[in-house]
Amino acid sequence: MKFDLTFPKYAARMTRFLLVFLIVGTGILFAWKGWTYGAAWALGTLFHILFYKLMVVKFNQWVKAEREPEFIGQHLFIFTTMRFILEILCALAVVFSPLDILAFLGGLLTLPVATLAERVVGLIKE
Numbered sequence: 011m012k013f014d015l016t017f018p019k020y021a022a023r024m025t026r027f028l029l030v031f032l033i034v035g036t037g038i039l040f041a042w043k044g045w046t047y048g049a050a051w052a053l054g055t056l057f058h059i060l061f062y063k064l065m066v067v068k069f070n071q072w073v074k075a076e077r078e079p080e081f082i083g084q085h086l087f088i089f090t091t092m093r094f095i096l097e098i099l100c101a102l103a104v105v106f107s108p109l110d111i112l113a114f115l116g117g118l119l120t121l122p123v124a125t126l127a128e129r130v131v132g133l134i135k136e
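At position 36 of the sequence shown the residue is numbered 46 (this note's numbering), and the sequence of numbers has no breaks.
If you want it as structure tokens, here you go:
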């Protein structure tokens, strides 16, 4: 069965956008507020980069195992939903660390901004 490779390509684009946010945001916060802010931002953004990498690995495993597209779509949705629970647990861990929770949450919020940026770039290319 042939599979649509839209998701891996989308994940690669999102990872590039998130990597830019990681580098720029960490540099600015490190220079402006110190290492606790820069490290927290980096962890928040890195969370989503690693999440997309995990999703692509799982996608490729399911394609190799010749799973049905419905199975793959359902499981991608389940992983995405469970991400929120993991984000909450990570935020709780950051609260009890020397890192700044607001910078961590800001790093987590780079995903919606990266999603919008990716859509705008896609519209401009058309």
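Beta carbons: idealized from backbone N, C-alpha and C, even for Gly.
DSSP places residue 136 outside any alpha helix (DSSP H), giving it a letter other than H or E.
Residue nearest to residue 15 within the set 65, 32, 103 is 65 (criterion: CA-CA distance). The Cβ atoms of residue 124 and residue 28 sit closer than 7 Å to each other.
Comparing alpha-carbon positions, the option among 50, 67, 92 lying closest to residue 103 turns out to be 50. For residue 79, the enclosing alpha helix (DSSP H) begins and ends at 79 to 105. Residue 112 carries a helical assignment under DSSP once its states are collapsed to helix, strand and coil. If you check the CB distance, residue 110 and residue 20 do not come in under 7 Å.
A Cβ-Cβ distance of about 2 Å is found for the pair residue 117 and residue 54, placing them in contact under the 8 Å criterion. In this structure, residue 81 and residue 101 do not form a Cβ contact; the two beta carbons are roughly 31 Å apart against a cut-off of 8 Å. Here residue 62 is near residue 25, since their CB atoms are less than 7 Å apart.
When only Cα atoms are considered, residue 107 and residue 93 end up about 21 Å apart.
The Cβ atoms of residue 17 and residue 120 lie no closer than 7 Å to each other.
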